[in-house]
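> Structure in structure tokens, see below.
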Amino acid sequence: MIRPFLKWAGGKRQLLPALRLHYPSSFDRYIEPFLGSGAVFFDLCDTGRLAGRRAELYDLNPDLIGCYSAVRDRTEEVIAALDDLAAQHQKRGAECYYDVRDRRFNPVRKSNGPDRYTPELAAMFIYLNRTGFNGLYRLNRDGEFNVPAGRYENPRICDADHLREIARVLRGRGVILERRPFDYAIERAGAGDFVYCDPPYAPLSTTSQFAHYTAGGFTPLDQVRLHQAVVDAAARGATIVMSNSSAPQITAAYTGYAARRSGLRVERVPARRAINSRAAGRGPVDELIISNAKLRMAKLEPRLQLSRRASGS
Ligand SMILES: C[S@@+](CC[C@H](N)C(=O)[O-])C[C@H]1O[C@@H](n2cnc3c(N)ncnc32)[C@H](O)[C@@H]1O
């Protein structure tokens, strides 16, 4: 089974049952502008839906794209370096983590610049991701990775066969992987393309603490630009599926006239991810799936059928 090899805040593995109902049964090209750990991309691969199709994968985070590229192009070197880190971690635990983070990863990353990701850097990034606190990605003001060590008894650090399988998929004909902002990716989508958008969620409250995946963060203006880009792509005939928070401005934007006219509909699904419910300071809340895809009604889960009937949709 092929699945994400990184932990990523906002990873969508738990939302897959709801998202799958929106996968179009046929499409030309798959475009994912906010790749993260790629839960949907790997799900599409795993279920054979991408066979023979082009897939364009984008994200603005340089470490993420650097790491994926090194796993794709220099797989065995990444595995060897990661194996070595796993052995060191076994002996020295958190001490090893801080040593790697502060004496090796941050200095090398700084001197190499964002676009030269060596196999050693990629292995360190995977190691820090698998053993750091909740797999978070966070940089301090100086641009250094500063996530503390996590508390794991026996973390699985190097799954060599899985990394080889990931590399095989990424090397596939027609798979493009680039560091790009979302506008570039969505502008490419035309009639027949399938676009899955999973932006950093708009915060539900002013005190919400969300992961900052990129130096600039994702601002309210970015959400407005994303809305426009998605509405335009839907109007050009692309199939759009987007997940986002149920913050009032997001709900208002995607139930508004322009979105409805381009065929987008909003479905509320219960958010199961702890990050949302805790940040909002109350019980579980909804998140949104915004889509113009034909729903696969026959396969609706009972829970979703109920919520759709209750909302009269
Ligand atoms: C919610 S995460 C995506 C999670 C992904 N669906 C998964 O399953 O792991 C959002 C992603 O958007 C990326 N991102 C943030 N700002 C961006 C921008 N302006 N353009 C493109 N990607 C951006 C982040 O680096 C992060 O990986």
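Under my numbering, the sequence shown has 204 at position 199, and the numbering climbs by one with no breaks. Virtual Cβ for every residue (Gly too), placed ideally from N, Cα, C. As the structure is a prediction and not an experimental result, all values here were calculated from the model.
#1: How far does the alpha helix (DSSP H) with residue 111 in it extend, from its first residue to its last?
#2: Whose C-beta lies closer than 7 Å to the C-beta of residue 99 among residues of the same chain, with five residues either side of it excluded?
#3: Alpha carbon to alpha carbon, what distance is there between residue 83 and residue 34?
#4: On a CA-only basis, which of 237, 246, 254, 197 is nearest residue 224? Give me that one, please.
#5: Looking at residue 246: is its Cβ nearer than 8 Å to the Cβ of residue 294?
#6: So, is residue 63 buried or exposed, given that buried needs 16 or more other C-beta atoms within 10 angstroms?
#7: Return the first residue and the last residue of the beta strand (DSSP E) that residue 273 is part of.
#8: Heavy atom of ligand 1 less than 7 Å from the Cβ of residue 9, yes or no?
#9: Is residue 45 a contact residue of ligand 1, with contact defined as CB to any heavy atom under 7 Å?
#10: Determine which residues share a DSSP beta bridge with residue 129 and list them.
#11: Leaving out five residues on either side along the sequence, give the residues of the same chain with a beta carbon under 7 Å from the beta carbon of residue 127.
#12: Who are residue 247's beta bridge partners in DSSP?
#13: Could you pull the DSSP bridge partners for residue 181 from this structure?
#14: Which partner residues of residue 154 appear in the DSSP bridge assignment?
#15: With a threshold of 7 Å (Cβ to nearest heavy atom), would residue 262 be considered close to ligand 1?
#16: So, is residue 112 buried or exposed, given that buried needs 16 or more other C-beta atoms within 10 angstroms?
#17: So residue 160 packs on residue 135, CB below 8 Å; how close in whole Å?
#18: Just to confirm before moving on: does the CB-CB distance between residue 206 and residue 250 stay below 8 Å?
#19: Hey, out of 244, 168, 92, 273, whose CA is closest to residue 8's CA?
#20: Tell me the rounded alpha-carbon separation between residue 61 and residue 181.
#21: Can you grab the Cα-Cα spacing for the pair residue 300 / residue 26, in whole Å?
#22: May I ask which residues mark the beginning and end of the beta strand (DSSP E) holding residue 7?
#23: Taking residue 191 as the reference, which of 166, 242, 221 has the closest Cα?
#24: Just checking residue 224 against ligand 1 - is the residue's beta carbon closer than 7 Å to any of the ligand's heavy atoms?
In short, the structure shows the following:
#1: Here residue 111 corresponds to residue number 106 of the sequence shown, with the count starting at 1. Start and end: 111-117.
#2: The residue labelled residue 99 in the question sits at position 94 within the sequence shown. If we look at residue 99 and ignore the five residues flanking it on each side, its Cβ neighbours are 154.
#3: Stepping through the sequence shown from its first residue, residue 34 is reached at position 29. Stepping through the sequence shown from its first residue, residue 83 is reached at position 78. Rounded to the nearest angstrom, the two C-alpha atoms are 30 Å apart.
#4: To locate residue 224, count along the sequence shown from 1; it is residue 219. Of 237, 246, 254, 197, the residue nearest in Cα terms is 254.
#5: Position 241 of the sequence shown holds residue 246. Position 289 of the sequence shown holds residue 294. Taking 8 Å as the Cβ cut-off, residue 246 and residue 294 qualify as a contacting pair.
#6: The residue given as residue 63 occupies position 58 in the sequence shown. Classification for residue 63: buried.
#7: Counted from its first residue, the sequence shown places residue 273 at position 268. Looking at the DSSP string, the run of the beta strand (DSSP E) that includes residue 273 is 270-275.
#8: In the sequence shown, residue 9 corresponds to position 4, counting from 1. The answer is yes for residue 9.
#9: For the purposes of this step, residue 45 is taken as residue 40 along the sequence shown, with counting starting at 1. Within the cutoff, so yes.
#10: Indexing the sequence shown from 1 puts residue 129 at position 124. Paired residues: none, contrary to the question.
#11: Along the sequence shown, read from residue 1 onward, the residue named residue 127 stands at position 122. 71, 72, 75, 76, 83, listed in sequence order.
#12: To locate residue 247, count along the sequence shown from 1; it is residue 242. In DSSP, residue 247 forms a bridge with 202, 295.
#13: As a first step, residue 181 is located in the sequence shown; it is residue number 176 there, counting from the start. Note: residue 181 sits in a beta bridge opposite 61.
#14: Translated into positions along the sequence shown, residue 154 becomes position 149. 137, per the DSSP bridge assignment.
#15: Against the sequence shown, residue 262 aligns to sequence position 257. No.
#16: By one-based count along the sequence shown, residue 112 stands at place 107. Exposed: under 16 other Cβ atoms inside 10 Å.
#17: For the purposes of this step, residue 160 is taken as residue 155 along the sequence shown, with counting starting at 1. For the purposes of this step, residue 135 is taken as residue 130 along the sequence shown, with counting starting at 1. Confirmed, Cβ separation roughly 5 Å.
#18: In the sequence shown, counting from the first residue as 1, residue 206 sits at position 201. In the sequence shown, counting from the first residue as 1, residue 250 sits at position 245. Contact flag set, yes.
#19: One-based indexing of the sequence shown puts residue 8 at position 3. Looking at the Cα atoms, 168 is the closest of the given residues.
#20: The residue labelled residue 61 in the question sits at position 56 within the sequence shown. The residue labelled residue 181 in the question sits at position 176 within the sequence shown. The alpha-carbon atoms of residue 61 and residue 181 are separated by roughly 5 Å.
#21: To locate residue 300, count along the sequence shown from 1; it is residue 295. To locate residue 26, count along the sequence shown from 1; it is residue 21. Distance between the alpha carbons of residue 300 and residue 26 is about 6 Å.
#22: Taking the sequence shown and counting its residues from 1, one reaches residue 7 at position 2. Where residue 7 is concerned, there is no enclosing beta strand (DSSP E), given that its DSSP letter is neither H nor E.
#23: Start at 1 with the first residue of the sequence shown, and residue 191 comes out as number 186. Of 166, 242, 221, the residue nearest in Cα terms is 242.
#24: For this step, residue 224 is matched to residue 219 along the sequence shown. No - ligand 1 has no heavy atom lying nearer than 7 Å to the Cβ of residue 224.
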